[in-house]
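In the working numbering, the protein residues as written are 370 to 948.
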């Protein structure tokens, strides 16, 4: 039989590592050699101290030292404890004799199989150490998730119990009223500080600013007609022309209203400058309150209200038509509107509730914002008629129309106009249906004026219930500039304001008089709304917000202008031979 070759230095080193791993594991079945002299221990580590030939020779000279003694974990533990009691250090264990290497420089199959568990044990040990290091991180993540879930549960429970549940039953706990009182005191203090600083820095030349004349053009030029023409007469008309170019009375209605005093919102004072340290500290505190406290609360309520509106209307829309469906539809609209009003920190004051719109009638109101609908449905239910939108507004419109007979149309489509007129006539004829809510202006105005009412809703007949809506700009700008902000951006601006404070007046119902056409009827209703809300009445069409001025409008204004200059046809009464 051929003598096996001596193991190479690399093989003995690998076998030494395997044996050392067994020793570190402390398995009961691993052979361990104990209590060997350190000089002899070095001979058993040929890869580190002696060449392989000398190491094998040393093994042959000391056969008894090569006999392993198998000790279990229990015996090894007892022996090590006895060694510590004798103050004798525990020596390292010698390794078992190494098997001969194969001709290819590898261990024999039997020995290789015997070494696999050691290699697998080392991999298992490394995996165990990796799992042990990853265990604290996983435990920390679980604790963090558990903490977040607890906080979310507490937050949702508090919101539901303190805000959502009272709003469902139409009950107020007085939190918003207390918040509004504190806010009013804060804004009054800030206004006094600003006025004091303004008085200290007022320049004497500030009183030469040109201001608009409060009188009409007809009264102003009345004295010019009685005298002869002078070149200076042109100056008045030039002044009026410059005023119209700089700031006309139409386009300024499509921008946010200017405030008399600053309300601590940078969006209403883009030219803010340092006034005092205390005012700056109050402004910083206000930013923290609005963005870190109120905004998360309002976003949570808005999600609850919008999702409830969409899901509730979709489910109710699957029911057959009848009293049950109508009752559930009214309940969904009323409840969700109250939740959304809380999401805006709304404080709504309704006046003259005895004039609330009744079934079978038409409710017309001035239009400032999409939240006008929420403001009105917070106190009653309506079947709405209006422009079809896309995005989030479109999703809400398509969901609500399944439960309530709303009418959404495109103004550019003539067939949609005829359909709206037909639906309105059918709705008014049925005295058991909800009142129709219409905004005759057709677009949002900045709540400073009332523009021309479209005559379509006044041609149908029936009873008209006028409603005047007036927002308080001191607490937040409710105007929606749809050409500048999308609906989501607009809602974020509203939710980062202080609050929404609004007054709603229900005016006495009116009907069309004999000999009165639809245009005259619309103007009469518009005048009543403007007087009650303290708004400016304008004859201009709100469609000028996006469309160009029609030529007929220009010609009509030119005729009125020439009549004012001529003075009721004074030129036509002059003698023919005056030339």
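Heads up, the beta-carbon is just placed ideally off N, CA and C, and yes, glycines get one too.
- Between residue 765 and residue 679, the CB-CB gap stays under 9 angstroms.
- Annotation for residue 889: the continuous alpha helix (DSSP H) segment containing it runs 887–902.
- Residue range 760–769 is occupied by the alpha helix (DSSP H) that includes residue 763.
- Residues of the same chain with a CB within less than 6 angstroms of the CB of residue 837, apart from the 5 flanking positions on each side, are 874, 898, 901, 902 in chain order.
- Residue 777 sits in a strand when the DSSP states are folded into three classes.
- Selection 798, 514, 601 evaluated against residue 832 yields 798 as nearest (Cα-Cα).
- DSSP places residue 882 in the coil class of the three-state scheme, outside both helix and strand.
- Residue nearest to residue 632 within the set 844, 906, 736 is 844 (criterion: CA-CA distance).
- In this structure residue 823 is buried. Its beta-carbon is surrounded by 16 or more other beta-carbon atoms within 10 angstroms.
- Under the three-state reduction of DSSP, residue 608 is assigned to helix.
- The Cβ neighbour count for residue 815, taken over all protein chains shown within 10 Å, is at least 16; the residue is labelled buried.
- In the structure shown, residue 905 falls within a strand segment according to DSSP collapsed to helix, strand and coil.
- Within the same chain, Cβ atoms closer than 7 angstroms to the Cβ of residue 728 are found at 800, 801, 802, 803, 804, the five residues on either side in sequence being excluded.
- When the Cα atoms are used, residue 697 and residue 746 turn out to be separated by approximately 15 angstroms.
- For residue 821, there is no enclosing beta strand (DSSP E), as DSSP marks it with neither H nor E.
- For residue 700, no beta strand (DSSP E) run applies; the uninterrupted alpha helix (DSSP H) run containing it begins and ends at 692–712, by DSSP.
- A distance below 7 angstroms between beta-carbons, with the five flanking residues on each side excluded, links residue 545 to the following residues of its chain, in chain order: 714, 716.
- Boundaries around residue 666 are those of the alpha helix (DSSP H), 664–686, since no beta strand (DSSP E) includes it.
- Between residue 856 and residue 711, the C-beta gap is not smaller than 9 angstroms, which leaves the two residues out of contact.
- The C-beta separation of residue 693 from residue 768 comes to about 19 angstroms, leaving the pair out of contact by the 8 angstroms criterion.
- Distance between residue 653 and residue 661, taken at the CA atoms: about 12 angstroms.
- In this structure residue 645 does not touch residue 756 by the C-beta definition: roughly 46 angstroms separates them, more than the 8 angstroms allowed.
- Residue 828 and residue 627 have their C-alpha atoms some 36 angstroms from each other.
- For residue 806, the secondary structure class from DSSP, reduced to helix, strand or coil, is strand.
- Scanning its chain for C-beta atoms nearer than 6 angstroms, with the 5 sequence neighbours on each side dropped, one finds around residue 877 the residues 724, in chain order.
- When secondary structure is reduced to three states using DSSP, residue 565 falls in the helix class.
- Taking all protein chains shown into account, residue 835 has 16 or more neighbouring C-beta atoms within 10 Å of its C-beta and is therefore buried.
- Across the set 854, 922, 534, the C-alpha of 534 shows the shortest separation from the C-alpha of residue 673.
- When rounded, the separation of the alpha-carbon atoms in residue 676 and residue 706 is 12 angstroms.
- With 16 or more other Cβ atoms inside 10 Å of its own Cβ, residue 735 counts as buried.
- For residue 743, the uninterrupted alpha helix (DSSP H) run begins and ends at 740–746, by DSSP.
- Across the structure, residue 794 and residue 553 are spaced so that their CA atoms are roughly 46 angstroms apart.
- A direct Cα-to-Cα measurement between residue 759 and residue 809 gives close to 21 angstroms.
- Contact between residue 811 and residue 681 is absent: CB atoms are separated by about 29 angstroms, not below the 8 angstroms threshold.
- By the neighbour-count criterion, in which 16 or more other beta carbons inside 10 Å mark a residue as buried, residue 890 falls on the buried side.
- In the DSSP assignment, residue 857 falls within the unbroken alpha helix (DSSP H) covering 856–864.
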